[in-house]
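For reference, the structure discussed in these notes is given below.
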DNA sequence: ACAAAAGTGTTAGAATTACACCCATGG
DNA sequence: CCATGGGTGTAATTCTAACACTTTTGT
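Chains as they are written, first to last, in the numbering used here: chain P, -8 to 210; chain H, -8 to 210.
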């Protein structure tokens, strides 16, 4: 009796001011017909991260996206036998660069705040990923990973509000971003709604300097 | 060719105002003679946490101590073949209730800031554990896990200073602890040094209430 | 001309930091 | 009696949070 080792990937995106998770519908028992987060077995010749990356790529086509290991779960109730799952979460840019839509492959983007029942003990995995994401939002730049390279301040704020689940004050939000100095205002405007909004890009180099000085995000 | 699954446990304590890590000396190759963090294989009939707990218990005799999963590491250079290590870290109370000393079993407490070369890629595991410990110190009660049930404020402050690697202001430290209201002053004093210091105990119930309100540690 | 979303500063309150002296004990 | 470490409060500064109106565009 050996231990089966796999990776599961909680893939997030933001779409229309809602945080979404990519789910697949299981074709085989156990939990046939239920939704599940994408996962695969680890082959002996690939690293954990590589396995997670391949799974992510195969399901979304996304490349160069944020991917971070979450936690390793035991699933004592797994009916397939003894299984250890190394969970990852990934952030794929939403909005402008729309994530690959629900094609016929059984893949669906579902709102993170209205999840259907999931296979195995995967609900705790998604919950844990959400918690991690919320925490990291406050002291890292994960927020930018959910947006295309060029974005507007209202879009950025919407990402923060969506993940934190609360409204933020527009002026305070902008003031802090301005103070951090990690955004480069572009000479372009996006005229999507009413008044056109200025586009910005994220400047990772500036953020690195802040980290060195111990300055953190204040949200 | 299958994947070998194991747990490693970074066991911390505080002793004489220094943060220490429990290391063993390897008896077998590879890395024979080098220091390593305690670890073991996972048996198919035990959970990850249980395996870590057993390892911790066997090496230190400690029971009911803080144990938290850290991260799962791939060790691509492992000469024993493909290995995945689920790393945990544990906090055993120091000071009063002295941790089991270096007996003849090849176990040694080593200062976390002066580690010898370690087997495999274990240095990154210890570094990661240190980072996690430092971060958690600021918004959880891990600090109390490194002390016996009754402790003095200077002892508590020493734990914080040791882990954070910097001096804290005595008055501000006490003011914050007082403000949090999670310490119960006892009617006992420890007359270890000069002037006897008052003993306190940690009140977990009070801390839970703070968490619910979103109030965090301010260090 | 009006509805909708973008943009812009100031002020009060809260939290953080800096700082110096007295007290109890053991030697 | 003196050296050592325990114990205590206040003031300046910084950070956070609350708050309302003008601008630009599409309809």
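Backbone N, C-alpha and C define an ideal beta-carbon position, used for all residues, glycine too.
On a predicted model such as this, the values are computed, not experimentally measured, just so you know.
Any C-beta of chain H under 8 Å from that of residue i
i: residue 124 (chain P); result: no
i: residue 65 (chain P); result: yes
i: residue -6 (chain P); result: yes
i: residue 35 (chain P); result: yes
i: residue 57 (chain P); result: no
i: residue 60 (chain P); result: yes
i: residue 9 (chain P); result: no
i: residue -3 (chain P); result: no
i: residue 87 (chain P); result: For residue 87 (chain P), the predicted structure reports a pLDDT of 40, less than 50, and the residue's modelled location is therefore unreliable. A value from the coordinates is still provided. No, no contact with chain H.
For residue i: DSSP bridge partner residues
i: residue 26 (chain P); result: P:16 and P:109
i: residue -1 (chain H); result: H:30 and H:78
i: residue 66 (chain P); result: Note: residue 66 (chain P) sits in no beta bridge, so no partner.
i: residue 6 (chain P); result: P:9
i: residue 195 (chain H); result: According to DSSP, residue 195 (chain H) bridges with nothing at all.
i: residue 57 (chain P); result: P:82
i: residue 174 (chain P); result: P:193
i: residue 99 (chain P); result: P:14
i: residue 188 (chain H); result: H:181
Chain P contact for residue i (CB, 8 Å cutoff)
i: residue 38 (chain H); result: yes
i: residue 75 (chain H); result: yes
i: residue 115 (chain H); result: no
i: residue 151 (chain H); result: no
Between the CA atoms of residue j and residue i - distance to the nearest angstrom
i: residue 175 (chain P); j: residue 155 (chain H); result: 34 Å
i: residue 71 (chain P); j: residue 21 (chain P); result: 8 Å
i: residue 169 (chain P); j: residue 129 (chain H); result: 27 Å
i: residue 194 (chain H); j: residue 73 (chain P); result: 39 Å
i: residue 135 (chain P); j: residue 172 (chain H); result: 38 Å
i: residue 197 (chain H); j: residue 11 (chain P); result: 36 Å
i: residue 18 (chain P); j: residue -5 (chain P); result: 20 Å
i: residue 104 (chain H); j: residue 166 (chain P); result: 39 Å
i: residue -7 (chain P); j: residue 15 (chain P); result: 27 Å
i: residue 42 (chain H); j: residue 84 (chain H); result: 21 Å
i: residue 151 (chain H); j: residue 13 (chain H); result: 19 Å
i: residue 120 (chain H); j: residue 112 (chain P); result: 27 Å
i: residue 68 (chain P); j: residue -3 (chain P); result: 15 Å
i: residue 48 (chain H); j: residue 124 (chain P); result: 33 Å
i: residue 181 (chain H); j: residue 56 (chain H); result: 24 Å
i: residue 183 (chain H); j: residue 137 (chain H); result: 19 Å
i: residue 153 (chain P); j: residue 52 (chain P); result: 24 Å
i: residue 157 (chain P); j: residue 110 (chain P); result: 29 Å
i: residue 65 (chain H); j: residue 38 (chain P); result: 6 Å
i: residue -1 (chain P); j: residue 50 (chain P); result: 12 Å
i: residue 9 (chain P); j: residue 126 (chain H); result: 30 Å
i: residue 149 (chain H); j: residue 164 (chain H); result: 11 Å
i: residue 101 (chain H); j: residue 117 (chain H); result: 12 Å
i: residue 23 (chain P); j: residue 96 (chain P); result: 15 Å
i: residue 179 (chain P); j: residue 40 (chain P); result: 37 Å
i: residue 133 (chain P); j: residue 177 (chain H); result: 45 Å
i: residue 44 (chain H); j: residue 36 (chain H); result: 14 Å
Check: Is the number of C-beta pairs between the segment 138 to 150 of chain P and the segment 174 to 189 of chain P that are closer than 8 Å three or more?
Finding: Here the segment 138 to 150 of chain P makes contact with the segment 174 to 189 of chain P; the two share three or more CB pairs at distances below 8 Å.
Item checked: Entirely enclosed beta strand (DSSP E) segments - the segment 138 to 166 of chain H, minimum 3 residues -> Counting whole runs of 3 or more residues, the segment 138 to 166 of chain H contains the beta strand (DSSP E) stretches 141 to 143.
Margin query: Any contact between the segment 74 to 84 of chain P and the segment 53 to 63 of chain P? By contact I mean 3 or more CB pairs, one from each, below 8 Å.
Written below: With the cut-off at 8 Å, the segment 74 to 84 of chain P and the segment 53 to 63 of chain P touch.
Notebook entry, point to check: Quick check: the segment 29 to 44 of chain H against the segment -2 to 6 of chain P, are there 3 or more CB pairs under 8 Å?
Noted result: Proximity of the segment 29 to 44 of chain H to the segment -2 to 6 of chain P falls short of the contact definition, fewer than three beta-carbon pairs being nearer than 8 Å.
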